[in-house]
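Asker: Quick one: structure below, then a few questions.
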Amino acid sequence: MSKATQQDLEVVAAQLQRTPRDVHEVAHRCPCGEVDVVATPPRLADGTPFPTFYYATCPKLTAAISTLESSGLMITMNERLQNDSALQSAYRQAHLKYEAARDAVATELNLDVPEVKGTTAGGMPDRVKCLHSLIAHSLAAGEGVNPLGDEALAALPDWWINKPCSELSNLLDKQ
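In this text, residue positions in the sequence shown follow our numbering: the first is 3, and each later residue adds one.
Take a look at the structure:
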């Protein structure tokens, strides 16, 4: 991860079409070079607990994930998760690593956030509820950490092809 620059924050604002809340770091960059996942502290500046540590921001990425969610993939993932003990174990480990990364940021920022303890995102560790969260985790943590996030990521089309989707000038042209 890397600290967000002012330009990164402008890109994220254009991607989200709103001012981003409390971006801690850029967690991943799209192959086009722009931000596509940010890391958010577990407590926002206004005091709100925020368990979703990795947040996908790129509009083409999130649209591709939404299409994948509507395909029924989460249903088959949940069925497999219920019946495959090795997958259950790997997914639980992904949950623990997600929580550890978020806790490290809480420690760095001297935040106490008991409200999010044991909660991560995307349904981890017991079910698949949100592919956006799982894919954001896979992009940020790298391949091999979240098996279901990796699987969903592999099922996506190349969202960055044709023109960098989150290039600031492209986003500002659309506004």
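C-beta: ideal position from N, C-alpha, C; glycine also.
Which of the three DSSP states is assigned to SER73 in this structure?
Answerer: Note: SER73 maps to coil in three-state DSSP.
Asker: When DSSP labels each residue in this structure, what does GLU1 get in the three-state scheme?
Answerer: No information on residue 1 is available, as it lies outside the stretch 3 to 177 that the chain covers here.
Asker: Taking DSSP as the reference, what is the three-state secondary structure of VAL25?
Answerer: It is coil, neither helix nor strand.
Asker: In the DSSP output, what is ARG45 paired with across the bridge?
Answerer: DSSP output for ARG45 lists PRO51 as bridge partner(s).
Asker: Closest to GLN95 by CA distance: which of SER140, PRO51, ALA154 and LEU75 is it?
Answerer: Nearest C-alpha to GLN95: SER140.
Asker: Let's test the definition: count the other Cβ atoms within 10 Å of the Cβ of ILE67 and tell me whether it reaches 16, buried, or not, exposed.
Answerer: With 16 or more other Cβ atoms within 10 Å, it is buried.
Asker: Note down the Cα distance separating THR50 from ARG31, rounded to an integer number of angstroms.
Answerer: For THR50 and ARG31, the distance between alpha carbons rounds to 27 angstroms.
Asker: Quick check: what's the CA-CA separation for ASP105 versus ALA88?
Answerer: If I take the Cα positions, the gap works out to 26 angstroms.
Asker: Per DSSP, what kind of secondary structure is VAL2 in: helix, strand or coil?
Answerer: In the structure as shown, the chain begins at 3 and stops at 177. Residue 2 is therefore absent and cannot be evaluated.
Asker: Which residue or residues does DSSP assign as beta-bridge partners of ARG31?
Answerer: DSSP output for ARG31 lists VAL37 as bridge partner(s).
Asker: Straight-line CA distance for MET3 to GLU27?
Answerer: Approximately 6 angstroms between the Cα atoms of the pair.
Asker: Rounded to a whole number of angstroms, what is the C-alpha to C-alpha distance between THR54 and PRO44?
Answerer: C-alpha separation (whole angstroms): 7 angstroms.
Asker: Can you tell me which residues form a DSSP beta bridge with TYR57?
Answerer: For TYR57, which the question treats as bridged, DSSP gives the partners VAL40.
Asker: Output the distance between the C-alpha atoms of ASP114 and ALA108, rounded to the nearest integer angstrom.
Answerer: Those two C-alpha atoms are separated by around 7 angstroms.
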